[in-house]
Every structure is written in C-alpha cells, then in structure tokens.
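Colleague: Sharing a structure below in structure tokens format, with a few things to ask.
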Amino acid sequence: MLRSAAQRRVSKHAGVILLRLAALSLAAGALGAGVAAAATGGLDVAIGNAVFDRMWAQAPASTRNADGLGPLFSARSCASCHAAGGGRTTFRLGRDDPAAHPGLVIRLGDAKGRPDATYGAQLQPKGVAGISGEGAASVAFAAASHGLPPRPEWSVRDWGYGAPDGATRASPRVALSLDGVGILARVPEAAILAREDPDDRDGDGVSGRAHRMATPDGERIGRFGWKATEPTIEAQAASAFALDIGLSTTLRPDPAGDCTAAEAACRAGPHGAAPGEPEVAPQLMASLVAFLRARPAPEPAKSGGQGRRLFAAAGCAACHAPELPLDGGGTAAAYTDLLLHDMGAGLDDGMGEGAARSREWRTAPLWGVSAALAQGSGLLHDGRAADVSAALAWHDGEAAGARARFDALSANDRNALINFVNGL
Ligand code: HEC
Ligand code: HEC
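Below is the structure:
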C-alpha cells in the first residue's frame, strides 16, 4: 500500500505521518490521536492536516510536491494565517500592525469587483528570491462622526510595481476560523434561498440575497468568505492556494497564481508544476478538503438564558439565524443565514467582489465568538471591533433596526444580550 502511485506523490512530511500511522496502527493496543484518526477512517484527515500545516518552498526544492510557492505570495502555509491549528487569526485593528500580521489579507478591485490590471485580485506582500513583493497594508482613521468611532480607511503603501489603477480599492479581510466549515457546507442551497427577501416583502427592513455565481457545475450559491464568494470548501481552498500561497490546483490551474501580465518577472518566475499538472496534486487537495470537512463545530462557552430571547426580540436572529437545516438531517447552530446584507456606509470599503456590492457582507456566523474573544481577535471583517458592542456599533443599513432596538433596551437587557453572544 505504501508503494502506490498516489502515495508516492504525497510530501515527505505527509509521508512520514503515513508511515507513523501505519506503524502505530500495527502496534496492538497503542492509543493516540493518530491511531484514533486512522481507526475512524481518518487517514485522509491526517494527511490533510499535514497539507494544511506544510510550509511550501520555492521551486525547485528537493521534495517535489512541496514546492511551487509564489512567485508572489501572502504566506507560506494555510496554518500561518489560520492561527491555532485552523482558528481565526488573532489580528485586532488598533492593537496589531496590519502590515506585519499574516492573518490579514488585502483584496484589490474596483466597485464592480474587477481586479487591478497590475496587481490582480489580492495584494501579495512577499515574493520568492528575486521577485519583489507588491506592497504593504496601511490604515488611517477618518474623523469620528454621527456617534460612530473613527472609521478605518484602508490603503496600500510602497506599491512594488508602480501606481495601481485609479479605481482600485483595498478591501481588508481577517482569516476566519475553520471550525464547522464542513457543517456550513451541508446547508442545502434551497434553505439559503428560502431566507432571501431581496425586495423586503415582509417590510422588516432586512432583505438579504444569496451570492449567486456561475461555476463549471452551473449556477451555485456562494457561502464561504466574508462576502460568500466561494460555493464549496474545495473552491475556497483552491482560491487560498492561488491568491495566498501562489499554488495551482485543478480548479485554478495557473501556476503563477495572482501574477498579472504586467508582473513579467513573476510570470517568468519559478514554478513547481510539471507541464499539465497542478502544483498541488489532486490527492493532496482531496485530503485537505477531508481535513476541513472533519473540523468540529465551535463549542459554545455557556448557554443562553434570557439573552437568547432578547437576541431574537431585537431582530438579530433575522440575519444571525439560530438554526439552519442540514443535508442528511440535523441543524447547524451557526447564527448566520449565509446571505449578503447591505450593512451601510460604515462597513463600505468601495470594493465589490463577484456579485457582492461594496456595502454587502455575509452575515458573520456567531458560533465561535467566545473562542475569538478568548484569543483576543478583533471582530468584523477587518478586525476593527474589540468586543460585541463595538461590532454592533457598526451595524447599519439593513441592520439599523436591530441596532436601534438594542440601543432602546434597558442596561440590564443589553448586558444579557451581549453576554449571550459572548458565550456562543
Ligand atoms: C494569507 C492568509 C491566509 C492563508 C495563507 C490561508 N487563508 Fe484561508 N482565509 C484567509 C482569509 C482572509 C479568509 C477570509 C476570506 C474572504 O473573506 O474572502 C479565509 C477564509 C478561509 C475559509 C472560509 C471559512 C468560512 O467560514 O467562510 C476556508 C475554508 C479557508 N480559508 C481555508 C484555507 C486553506 C485550506 C488554506 C491553505 C490552502 C488557507 N485558507 C490559507 C486567510 C488565509
Ligand atoms: C441585517 C442583518 C444583520 C442583523 C439584523 C444583525 N447582524 Fe450582526 N452581522 C451582520 C453582518 C453582515 C456581519 C458582518 C459584517 C462585517 O464584518 O463587515 C455581522 C457581524 C456581527 C458580529 C461580528 C462577528 C464576527 O465574527 O466578527 C457580531 C458580534 C454581531 N454581528 C452581532 C449582532 C447582534 C447582537 C445583532 C442584534 C442586535 C446583530 N448582529 C444583528 C448582519 C446582521
């Protein structure tokens, strides 16, 4: 078995794990995470975990299948941005330097979501030897107005390849937690569509629309990412390989990742792919998807009580749906509807993405808020909010009604509601 073609293609690292797992599972009575995983058919998951942690190297490297980094990239591994073995990044705006924190990426594009002609769809601050990075994230704060805190205004400094297009905007995104993504993947598209109300027929001020997109499999509904840009875990991982690490996959076969024609040195730079093959072998991708699919849902830190009722009464649940049905039965307590909502001017960064407009964001799942707060992560798509009330202060647009109802609660009730969300 260890000599099959498929396994010769896995990296040295994954190969070592494989050998260890095989040895361990032979040792009768031996217990451990590896054996438990193998026993539940989790060999793929263990390999996928190794792919997730792998530091990719510049081509050519001694282990083929572990090279192909860049030529332009944001980080060398999935794990560098998704802290603590697949968690949310710890980045918090105001405390951490956005140019020095790997868990924050800057997407580039205009109001209609068209990538920049020179820099592509994402800023890659780093390059392999001989290739300069594209620039560094930078933020300034607009003067406070209308009772809101100072609004972050994002830009890029030290552009490496000349001025970008005048219409290009910088749209920051913090790395999300991967806990429960396999469960979100099981929400039927029909259940997402059932909650849409684009023309607000029920007159509650909350509309919400699905992020529809054309894919090789026909029209699909996006559900992953802050703007629900990716319809499946595999598509999200392929996009991460392309934009974040500069690696090709079956879904995104260009080995130069996000390098544009204007970045000639990058296009001519070193690649890890043999002609006709992606840099990330399909088996490794399949294992990575199995690893992500197997990640458990976040555990709530405490149960709801009075706050749960207030959460519904204030109208938070109109978007942060406490339950979504799952294919195969059961429900997800993810507190999202996976729809896009217009959140108003304070969260508008001027850049669209796919069919999502610049003011529209996917309802952030609130499961995992307790874990995010415990590790000090900032909330909202750019990590600007230090806690739940700060996140709420930026709720406007379709969420203005809910915020107003929250503001009208007694201090005790506001506390109970916040405590409920703190515990999710
Ligand atoms: C440079 C930092 C960075 C790297 C490297 C990175 N990610 Fe991410 N990841 C992010 C950011 C930022 C988001 C949010 C993206 C968005 O909103 O479009 C994200 C989102 C995701 C999501 C969606 C979660 C959800 O709930 O919607 C998945 C799944 C994911 N990443 C998997 C991966 C995998 C697998 C890899 C390695 C192939 C990887 N990421 C590498 C930064 C990173
Ligand atoms: C109209 C839909 C809508 C309503 C109503 C709404 N939210 Fe949100 N919420 C969102 C969206 C969209 C985001 C992500 C915005 C962003 O990051 O730019 C979000 C983000 C959040 C976050 C940050 C989560 C994270 O992981 O960073 C918290 C906390 C939150 N909402 C709590 C609430 C509470 C409490 C209420 C009720 C008082 C509420 N929301 C009402 C749509 C809504």
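Count along the sequence shown starting at 1, add 31, and that's the number in this note's numbering. From the three backbone atoms N, C-alpha and C, an ideal C-beta is built for every residue, glycine too. These figures come from a predicted structure and were not determined experimentally.
(1) I need the DSSP call for glutamate 429, collapsed to helix, strand or coil.
(2) Check whether the Cβ of glutamine 89 lies closer than 8 Å to any heavy atom of ligand 1, and answer yes or no.
(3) If you measure from each CB to the nearest heavy atom of ligand 1 and keep those under 5 Å, what residues do you get, in chain order?
(4) Quick check on DSSP: helix, strand or coil for glutamate 310?
(5) So does histidine 412 have its beta carbon nearer than 8 Å to some heavy atom of ligand 2?
(6) Pick out whichever of Pro203, Ala321, Pro396 has its Cα sitting closest to the Cα of arginine 123.
(7) From Glu250, Arg283, Arg182, Gly277, pick the residue whose C-alpha is nearest to that of glutamate 456; which is it?
(8) Taking the straight line between their C-alpha atoms, what separation do you get for arginine 126 and arginine 182?
(9) Do tryptophan 398 and alanine 348 come within 9 Å of each other at the CB atom, strictly closer than that value?
(10) Residues bridged to alanine 88 by DSSP?
(11) What's the gap between the Cα of phenylalanine 451 and the Cα of valine 187?
(12) Would you kindly work out how many angstroms separate the C-alpha atoms of leucine 319 and alanine 435, rounded to a whole number?
(13) Within a Cβ cutoff of 8 Å, which residues of the same chain sit near glycine 211, ignoring the five residues on either side of it in sequence?
(14) Between the beta-carbon of alanine 152 and the beta-carbon of arginine 138, is there less than 9 Å?
(15) Which of helix, strand or coil does DSSP assign to aspartate 373?
(16) Pick out whichever of Asp373, Glu227, Leu207 has its Cα sitting closest to the Cα of serine 408.
(17) Considering only DSSP beta bridges, list what lysine 157 is partnered with.
(18) At a cut-off of 8 Å, is phenylalanine 322 close to ligand 2 when judged by its beta-carbon and the heavy atoms of the ligand?
(19) Measuring straight from C-alpha to C-alpha, what distance separates glycine 465 and valine 419?
(20) Can we say the segment 170–182 touches the segment 382–392, given the rule of at least three CB pairs closer than 8 Å?
(21) At a threshold of 8 Å, does glutamate 184 count as lining ligand 2 (C-beta to nearest heavy atom)?
(22) Between valine 170 and ligand 2, is the CB less than 8 Å from at least one heavy atom?
Modeller: By the coordinates alone:
(1) helix
(2) no
(3) Ser105, Ala106, Cys109, Cys112, Val136, Arg204, Ala206, Leu207, Val212, Phe255, Gly256, Trp257, Gln267, Ala268, Ala271, Phe272, Asp275
(4) coil
(5) yes
(6) Pro203
(7) The structure shown does not extend to residue 456, since the chain spans only 32 to 455, so no value can be given for it.
(8) 15 Å
(9) no
(10) Asp98
(11) 37 Å
(12) 43 Å
(13) Arg326, Pro327, Ala328, Pro329, Ala363, Ala365, Pro396, Trp398, Gly399
(14) yes
(15) strand
(16) Leu207
(17) Phe104
(18) no
(19) Lying before the first or after the last residue shown, residue 465 is absent from the chain, which here runs from 32 to 455.
(20) no
(21) no
(22) no
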